[in-house]
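Residue numbers (this note's numbering), protein chains in the order written: chain A, 1 to 114; chain B, 115 to 229.
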């Protein structure tokens, strides 16, 4: 089974509307990263949330980490065409302070309708 | 400031051929990661270097996969005797130091197609 589950798998939203993407881990989270990917391109870093519960915002994107639920949510306010793409959550599931490879969800494909 | 670069961007190989994929991390970045991303999936971790030391290769799918970073900067991922199931995008990422809280910067990837 997938260690990181993202929902929904795909999302079609009218421009200007708000939306939320969720990422749930089956294991303890030691760090949670949100990335955006456009087809044929690499991953663009959005935000990083540390263990202990945290909320960060950048422009119209807010990410939260619920430590008890081992879950993170990414919320976009007043969506724009530039928000379209694939959103990936990545997590460090290994204890310890050293760098580790991230475990990723399958991604949420976001389409913004004009 | 250049980001992570990868070459080639696209590679087509016949089944059984060997391929070598190159990653140039951001200058000064200690940690380097390789990931494999199949179509419609999230990236899957392959291996990790801290400087020239390969600290984790638990994600390499078979002994046909080999990675090196001899001088602690540029890295090469080599796949021997390619198979069709090796077709994927291979992503490289680097981070400043060997700490879990450092952001991983990703390159554009190399799309490998094995015929």
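For every residue, glycine included, the Cβ atom is placed at its ideal position computed from N, Cα and C.
- In terms of CA proximity to residue 161 of chain B, B:174 leads the group B:174, B:120, B:154 and B:221.
- The criterion of a C-beta distance shorter than 7 Å is satisfied by residue 21 of chain A and residue 74 of chain A.
- Annotation for residue 22 of chain A: the continuous beta strand (DSSP E) segment containing it runs 19–25.
- Along the stretch 159–229 of chain B, the beta strand (DSSP E) occurs as fully enclosed runs of 3 or more residues at 167–170, 179–182, 189–193, 202–209 and 224–228, listed in sequence order.
- At least one C-beta of chain B is nearer than 7 Å to the C-beta of residue 48 of chain A.
- Residues of chain A with a Cβ closer than 8 Å to the Cβ of residue 205 of chain B are, in chain order, 42 and 43.
- The DSSP-derived three-state label of residue 58 of chain A is strand.
- In the three-state reduction of the DSSP assignment, residue 145 of chain B falls in the strand class, which pools E and B.
- Collapsing the DSSP output to three states places residue 7 of chain A in a strand.
- With respect to the 7 Å criterion, residue 27 of chain A and residue 5 of chain A are not classified as neighbours on the basis of their beta carbons.
- Under the Cβ distance rule, residue 130 of chain B does not count among the residues neighbouring chain A, no pair being separated by less than 7 Å.
- Residues of the stretch 130–154 of chain B whose Cβ lies closer than 9 Å to any Cβ of chain A, in chain order: 144, 145, 147, 148, 149, 151 and 154.
- Annotation: Cβ neighbours of residue 219 of chain B in chain A (cutoff 8 Å, chain order): 45.
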